[in-house]
Structures are given as C-alpha cells and as structure tokens.
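Heads up, the sequence shown is in UniProt numbering, so the first residue is 1 and it goes up one at a time. Note that CB positions come from ideal geometry on N, CA and C, so glycine has one too.
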Amino acid sequence: MREVISAPTRPRAREDVLRHDAPRKSGVGAPSMPSTPLAVDVGKTMRAWEDFLSGSPARGGQHDVRAIIADSWRRSASNGVNSLGTDAPRFEAEDDIELRRDSSAHLREAAQIPFAQLGRLLADTEAMLVLTDRDGVILDTIGDPRTLDEGREIHLEVGGIWNERSAGTNGIGTALWAGEPVFVHAAEHFCAGIKNWTCAGAPIRDPIDRSVIGVVDLSGPTGIFRPHNTALVMAAAREIESALAGRFTIERARLLDLCLRSGHGAHPDAGLVILDHEGRIVFARGAPQYLPVNGARRDISLGRYLIESGERMSMSDLSAALADEPRLKSLEQVQLDGRVRGFALEFAPGPAERSPVRRGAPAAPADPIAGREPTIVGANAVLLEALALTRRVAASRVPILFEGETGVGKELFARLAYSTASAGPTDPYVAMNCGAASSGTFGEELFGRAEGEGGRPGWPGRVELADGGVLCLDEIGEMPLELQPSLLRLLEDKLTARVGDPRPRQVDIMVIALTNRSLQQEVELGRFRRDLYFRISAVTIKIPPLRERRDDIPLLLEHFNALVAARHKTEPLTFTDEALHVIRAYDWPGNVRELRNMVELTHLVTDRRRIDPVDLPGCITNWSSRPCETCIVPGAQTAAEQLKLAERQVILDALSSEDGNVSRAATALGMSRATLYRKMRTLGIRRWTTMGS
1 MREVISAPTR PRAREDVLRH DAPRKSGVGA PSMPSTPLAV DVGKTMRAWE DFLSGSPARG
61 GQHDVRAIIA DSWRRSASNG VNSLGTDAPR FEAEDDIELR RDSSAHLREA AQIPFAQLGR
121 LLADTEAMLV LTDRDGVILD TIGDPRTLDE GREIHLEVGG IWNERSAGTN GIGTALWAGE
181 PVFVHAAEHF CAGIKNWTCA GAPIRDPIDR SVIGVVDLSG PTGIFRPHNT ALVMAAAREI
241 ESALAGRFTI ERARLLDLCL RSGHGAHPDA GLVILDHEGR IVFARGAPQY LPVNGARRDI
301 SLGRYLIESG ERMSMSDLSA ALADEPRLKS LEQVQLDGRV RGFALEFAPG PAERSPVRRG
361 APAAPADPIA GREPTIVGAN AVLLEALALT RRVAASRVPI LFEGETGVGK ELFARLAYST
421 ASAGPTDPYV AMNCGAASSG TFGEELFGRA EGEGGRPGWP GRVELADGGV LCLDEIGEMP
481 LELQPSLLRL LEDKLTARVG DPRPRQVDIM VIALTNRSLQ QEVELGRFRR DLYFRISAVT
541 IKIPPLRERR DDIPLLLEHF NALVAARHKT EPLTFTDEAL HVIRAYDWPG NVRELRNMVE
601 LTHLVTDRRR IDPVDLPGCI TNWSSRPCET CIVPGAQTAA EQLKLAERQV ILDALSSEDG
661 NVSRAATALG MSRATLYRKM RTLGIRRWTT MGS
C-alpha cells in the first residue's frame, strides 16, 4: 500500500474529522437547486480568497464570490482546515475502509447501475464520478483513468475523507453541509492544493426520512466545468434514491413476511416491533407508543429510528438500550440470505398506549401524493378528453394502457387513475419499471420468490404488495416474453404464483400499463403476446405530445416556474415575450418533462430573474436553424442518458464555435480528432453541410 500523506493541518481525531456538523435536513420534497452563475471569475475569486485569509476588510471573500462559497470558507477556517493543504485525509488502514464500504452496502448496490452506465461514458472525458457516505468518505469512483490517477494524488479515491471539516470547501463536503446540490469551481476551493479541480456534488437522501446519506460528485480538471454538471449529478442522485426506495420496499416486505410466518407476535394481544438492520421501525403492532431507550422516551412510529442513526446496531446494544422496558419479552435477530437484516421485539400484552400506525401494515417509502389527484396542467381538447376518459374508466378498475412519447406525463395519468379507483390513501400503489429490472430477477421482483431448501425464506413480489390497490407497469413492452403468460393469468383470473411455487394466490388488483412504443408493432415482431396485448389494451388512452398542444406551453411554463421558485424560496423567473416566442417555436421532443427540466436548469444556471432568449439552453435557441442536429434526443430519463445529452450538447457547442471545423473543435475539447469523430458517430451528430475538416 502506498504511503498516505495527511493534509498539513492540525492533528485531530478520526471522529473529529468525520463529524462535519451538517444540518441533518429532512423533508418530503425534492432537493432544491442552488442558483449558480454561468461562469466563475477565477482571478477575482482567487484575490478574494487571498484577502479572506489575510483578513483584509476590502473584500474579505464577500463581494467577488458566491454566498455559499464565502460561508463555506468561514466554516473551513473556523474548523482549522489548512488553507495551504494539498489533499484530503484518508483512512490509512484498509480494514477501516472496507468496514465503511460494508456499512454502506445498500447505498453502493443502489448506485451500481447508474455508475456503470455513466462510467462507460466518462472515458476520454477527463471526468470522474464519486460516491460517498453521509460523512463524505469515498466509497466508489469510476471514470477517465487519467483523472482517477490524478485524483489519487489528492486522496480523491476510495477511503478519502471529503467533508468540510477535513477538506474545506469542495463539492462533496459543501453539498453535505448544505443538503442541496453544489458546484465548486477552481479558486472557490478552500485548500490551495485542489484549486485546479472543478466538482459538482448532489446529496442522496434516504427515501423514508429524507436525511442525507451520501453524495454523488462529478470531478475533474477545471476544463470540464459546465453549468449542467450539477444537473447531471442531481439526476444520478435521484436514480440512486429511486433504486433505494424499491429495494427498501421489497426487503421490508420480506422481513415482515418472515417475522410473521415465524410466529413472532402470534398472540393477538402481544406487541410486536420489527426493525431493519439500521434500527429503523418498519412494523409496529400492539406496542407502547413510547419506549424508554437509553433512558430517554422514544416515539414508536414507522420510519423512525429506535436507536439514533450512526450508533451500533447489535443484540447487546439493543438489550442494553431497552433495559428499562418491563414489557419486553424477547429480542431476536432476523436473517435474510444468511445476513442479519433486522430485529424482532416482542412485548407482553398490556394496556399501554398503542402505536398510531395502521395495524398489520408494512412500512413503505413515504409517498406524499398517494391518494391525492395529481396536477395535470393544460386546456387542450385532446388532453381534456384523455383526462375525462381516464376518470370514467378507472372507477371500474379495468386494465388501462396509456400510450405516449417519453415525457408526456403517462405516470401522472396513472396516478390519476389510481386516485379515482382507490378507496383511500391506504390502498397501495406499486410501480415497476419493466425496462429497468434485471432480466435474471424480473420474475422474482414482480411475482415474488417461494421458500427454498434449508428454510431459505421467500418474499412477496410487486403483485402481492399491490393487493387491494394498483400495480403500474411502466415500459410494459420490455417485459420478458416468457413471463407474459403469468401477467395474462393475473389479468384474467386475478391469480398469481411466486417463482418456485406452483400454488396460486388470489389477489384483488388493478393493472395499469404505460408504453412509449407501439405494442401492436411489438406483437407483429414476435416480442409481445397477441392475447396479452388484446387483454391489456381494451382501454387504450393516448396522451398527446407537447408539440400538438402548443397553446398549453405558457400554462405549463407558469406552473413549473412557480413550483421551482417555491422550492428554491426565490422569486419566479420572468420570461420576456421574445423568450416565450422561442420556447413556443421549439418542438419539445422530450415533451413536458423536457420543458420542466428547462425551467429547472434555467433557475440553476442564472442569477437573473428576467429571462431573454440568450438565457435559454442552446438546444432551444438553435432549433430553428439546425433542428436535426441540435434537438435534445427524446427519452432522457436516466442519469446516463442525461450525461449523453450533455456531452452531445458540449460537442455541438464546440463545433458551432469553430464554424464546423472538426479539427479545431477537437483541439478545443482537448481530445484527438479520431476520438471526436467516434463520439459524433456514437451520439448521432451528423456533420453540417457547412463544416470543414
């Protein structure tokens, strides 16, 4: 193992380094996006940093830097971070690093797919992607090999500690402290040794309590700086959060199923509390509303930690923490797949207060819009007809197929059907993206797994979790052909069977399917069963693309502008008539989602409240002159797809600025001409007729 050089700063204990004093923000809303300028004046920022360190009253780091950076500089100085530091601290013992990684295994697993997708795209880009835990300790990295090597020189590598208390102002540590996406460019870093880097970090939030549990960061030399880097890491963070929510739902359903079938809480008056492996309450029945935990009263509610996050979770610790609870009868570990995944606490019957949670209900990720009718904005006649038809047929709970291009709002229509069909917010709404599921585990995820040999526990699938409510299958055309008969049986007979168990189970379920492709064509190509197509498409509702309802664009723009401004706690943007004209003229291949993202991006990259055409993304303003080359590719749903779009736009901008000359554009982008041609082919960029070579 190579020698580890600590940052030249005052010695401090590891616990002190890891405690970054970030305000543990929580809330059910999406993370806010900071207002950020299109560029950073590195020279002025450097002079402001020097003035700040010298204590000069002239600027003191106030006038030539953003407020979030100036505040972070003050925190860094207060924490004793060495401003001349050349790297971040790093765990010296590999065992300590592996212990950190193991304790965040769920986070690393959730990040595997987006990191693999993005990693393939980062080769030759001089960028690297970083995943950290809640303390800013790096768990995984991927990206351009040269940048990864350079990152090791400053300990931007697995085991590096990048919270503000250890490394000063940086994209990881400042995003952790602020609880919102942050970019830190060049001279904005507090430590001199990392001022030749640029980084953008976005916090990852726990899907249950919305606390910050990690950061996704995009870093590299200052030349990779783009305003949309922050939007890219936000997309990756949201994808990881979505994966975590799905995993939590399935794992906790398995945990509850195993505990109840094992006889825990079999007495009807006995109390039962089930904790996951992190000490969070996932089930409570007949238990006191409050328990004495380590001498303090702890509220027993779903989603709360019985022992505060960060404390060790073991049988002995739990026993000691609950030593003052006389009703506790037993405390047992619950194992899944050979690993301790939770704990079952049984209480003797008694007249104590009952927990206010629904009896027998497993915990699921909080859904703030469950049971409420979603907001679908528009006055277009075709759209209104689709809304009316959805409300009319959903009440009968028949299967519905929603067809429409990517980004038209199929998910909102599915929510509308659910709110119409459900008896109340306690009816489950379970969604599954057929295109994102692994082909090897698709059947188990949808239909569940039977118990295996040696008592290996089984678990319910999405179908069983949706019993009594709605199952929404997104990208239904991606469903494996061999599993389609099982879905047909579910639709015909309301029967389902777990993988490995031939015994049918009766369920009461409404199925909603979404697709952005022609299922009829899939049938003709032999990729979708004809009988399933006829069964699921009996009620087909087509949602119009945004270009066919341009009169709704001002309404949608006003709606998204107000939502984003409220989330940022800022004033809404004012779009000039000229900007509105450009926006209406654009064809919006990404539909309503693309319009919403444009509003968010515009809030993100400008401090101006008045928006002219020049403030809009280039793909929109260039649409009229080069529609084929500059439009955003439809279907930008994943972080990987958004990175492709961003890379595509960067190349288009370079080609445009160099009047189409590929050689000069390659030089400007810092890559070879052959690499640029390869990327152009991969990203579908055709040479303009005016281009030279």
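- Every unbroken stretch of the beta strand (DSSP E) spanning 3 or more residues and falling wholly within the segment 183-240 is given here in chain order: 197-205, 212-221.
- Rounded to whole angstroms, the Cβ separation of G448 and G458 is 7 Å, and the two are in contact under 8 Å.
- Around the C-beta of M432, 16 or more other C-beta atoms lie within 10 Å, and the residue is accordingly described as buried.
- Contact check between the segment 372-388 and the segment 548-559: three or more CB pairs, one atom from each, fall below 8 Å, which counts as touching.
- T390 sits in a helix when the DSSP states are folded into three classes.
- The continuous stretches of beta strand (DSSP E) do not include L465, which lies in the alpha helix (DSSP H) extending over residues 462-465.
- Of the candidates T375, G43, Y305, the residue whose Cα lies closest to the Cα of E411 is T375.
- Inclusion of I583 and I620 in the CB contact set at 8 Å is warranted, their separation being smaller than that value.
- L616 places its beta carbon less than 8 Å from that of A579.
- Between M128 and P181, the gap from beta carbon to beta carbon reaches 8 Å or more.
- Counting along the chain, the unbroken alpha helix (DSSP H) around N597 starts and ends at 591-605.
- In this structure, F115 places its C-beta atom within 8 Å of the C-beta atom of I142.
- Between the C-alpha atoms of R673 and A231 there is a straight-line separation of about 28 Å.
- Counting only the Cα atoms, L655 lies some 11 Å from T667.
- For R108, no beta strand (DSSP E) run applies; the uninterrupted alpha helix (DSSP H) run containing it begins and ends at 105-122, by DSSP.
- When the alpha-carbon of P428 is set against those of C434, S419, G435, the nearest one is in S419.
- According to the DSSP secondary-structure assignment, K542 is paired through a beta bridge with E403.
- Judged by DSSP secondary structure, V523 falls within the alpha helix (DSSP H) whose first and last residues are 519-524.
- For M315, the number of other beta carbons within 10 angstroms of its own is below 16, and it is reported as exposed.
- The alpha carbon of A513 has as its nearest neighbour, out of I161, T441, R535, W177, the alpha carbon of R535.
- The Cβ neighbour count for A323, taken over all protein chains shown within 10 Å, is under 16; the residue is labelled exposed.
- In this structure the segment 248-256 does not lie against the segment 189-200, because fewer than three pairs of beta carbons, one per stretch, are closer than 8 Å.
- With a 10 Å radius around the Cβ and a threshold of 16 neighbouring Cβ atoms, T198 comes out buried.
- Counting C-beta atoms within 10 angstroms of its own C-beta, L481 has fewer than 16 neighbours from the protein chains shown and is therefore classed as exposed.
- For R462, the number of other beta carbons within 10 angstroms of its own is at least 16, and it is reported as buried.
- Straight across, the Cα-Cα distance linking V499 with R505 is about 12 Å.
- In this structure, DSSP gives S330 an extended state, which the three-state scheme calls strand.
- Its Cα nearest to that of F91, the residue G159 stands out among S319, G159, S330, H106.
- Distance from T576 to R610 at the Cβ level is roughly 7 Å; contact confirmed, criterion being Cβ atoms closer than 8 Å.
- If you check the CB distance, A237 and V216 come in under 8 Å.
- For E578, the three-state secondary structure derived from DSSP is helix.
- The three-state secondary structure of W459, taken from DSSP, is strand.
- Between K494 and V511, the gap from beta carbon to beta carbon reaches 8 Å or more.
- In the three-state reduction of the DSSP assignment, V158 falls in the coil class.
- Residues of the same chain with a CB within less than 7 Å of the CB of H277, apart from the 5 flanking positions on each side, are M313, V340, R341, G342 in chain order.
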